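K.L.:
Per my numbering, residue 18 is the first one in the sequence shown, and the count goes up by one each step.
Note that CB positions come from ideal geometry on N, CA and C, so glycine has one too.
What you are looking at is a predicted structure, and each value in this text was computed from that prediction instead of being measured.
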Amino acid sequence: NIPNRYDLRWFREAGGLFSDAHPPAKKFNAGQKLIFWGTIVLGTSIAVSGLALLFPFEIHLFAKTFTMINSTGLPGLLGFDPLPEQLTPQAEMQLSQSWHAIVSFAMLAIILAHIYLGSVGMQGAYDAMGTGQVDLRWAEQHHSIWVAEGQEDGEFPADPAAAKAMPAE
Numbered sequence: 018n019i020p021n022r023y024d025l026r027w028f029r030e031a032g033g034l035f036s037d038a039h040p041p042a043k044k045f046n047a048g049q050k051l052i053f054w055g056t057i058v059l060g061t062s063i064a065v066s067g068l069a070l071l072f073p074f075e076i077h078l079f080a081k082t083f084t085m086i087n088s089t090g091l092p093g094l095l096g097f098d099p100l101p102e103q104l105t106p107q108a109e110m111q112l113s114q115s116w117h118a119i120v121s122f123a124m125l126a127i128i129l130a131h132i133y134l135g136s137v138g139m140q141g142a143y144d145a146m147g148t149g150q151v152d153l154r155w156a157e158q159h160h161s162i163w164v165a166e167g168q169e170d171g172e173f174p175a176d177p178a179a180a181k182a183m184p185a186e
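(1) Entirely within the region 74-160 and at least 4 residues each: give me those alpha helix (DSSP H) ranges in chain order.
(2) Rounded to the nearest angstrom, what separates Pro99 and Ala156 at their Cα positions?
(3) Our contact map puts Ala42 next to Trp54 with C-beta atoms below 8 Å; I'd like the distance itself, whole angstroms only.
(4) Mapping DSSP to helix, strand and coil, what is Ser62?
(5) Just verifying my parser: in three-state terms, what is the DSSP assignment at Ala31?
(6) Quick one: Cα of Asp176 to Cα of Ile162, how far?
(7) Quick one: is Val164 buried, meaning 16 or more other Cβ sit within 10 Å of its Cβ, or exposed?
(8) Give me, in chain order, the residues of the same chain whose beta-carbon lies closer than 7 Å to that of Ala123; leave out the 5 immediate sequence neighbours on both sides.
(9) Relative to the C-alpha of Asn46, which residue among Glu102, Gly33 and Leu78 is closest?
(10) Within 9 Å (strictly less), CB to CB, does Thr61 reach chain D?
(11) Helix, strand or coil for Ala69 per DSSP?
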């Protein structure tokens with residue numbers, strides 16, 4: 018799930034959302050990578066803010082973060098006053114609760130989009146999830162670079178008609 022140069026084209030073409038052709042992709046397209054990294058980053062953020070809510074007198078996330086932001090000079094460049102660097106535990110907890118809720122809603126939106134695309138939003142996705150295999154023609158449409166590399170390595174058959182299904186793992 019490491020981003021590569023194909024992901025830029027995938028985003029530029031919105032994953033083929035507004036056309037009949039899908040942009041080339043390896044085993045994971047940019048949308049799948051976005052869901053993966055969003056889950057990792059946002060999930061970690063929710064966990065850390067949750068710890069700050071559990072231990073409000075020990076963990077002070079926002080005062081330290083505001084100090085780092087102020088040290089860059091960014092608030093002044095944007096015409097704002099510096100962010101407060103001394104916060105009471107109650108203020109820290111209010112900010113942690115707000116952050117926790119906002120990031121949780123963002124994560125919920127990502128999860129709902131993922132459920133939609135994995136069930137009814139993309140033809141063949143539900144079957145692939147149930148069987149663990151995809152049709153080679155479907156894979157060529159959605160992940161053409163992955164299929165081409167697999168055919169070069171001899172992992173996949175060169176003729177799509179010869180293959181009924183291949184591992185979707």
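P.N.:
So, from the listed chains and residues:
(1) 78-89, 91-94, 106-136, 142-148 and 153-159
(2) 52 Å
(3) So it is not a contact: roughly 16 Å between Cβ atoms.
(4) Three-state DSSP puts Ser62 in a helix.
(5) helix
(6) Cα-Cα distance, rounded: 15 Å.
(7) buried
(8) Leu59
(9) Gly33
(10) Of the protein chains in the structure, only one exists, and it is not chain D.
(11) helix
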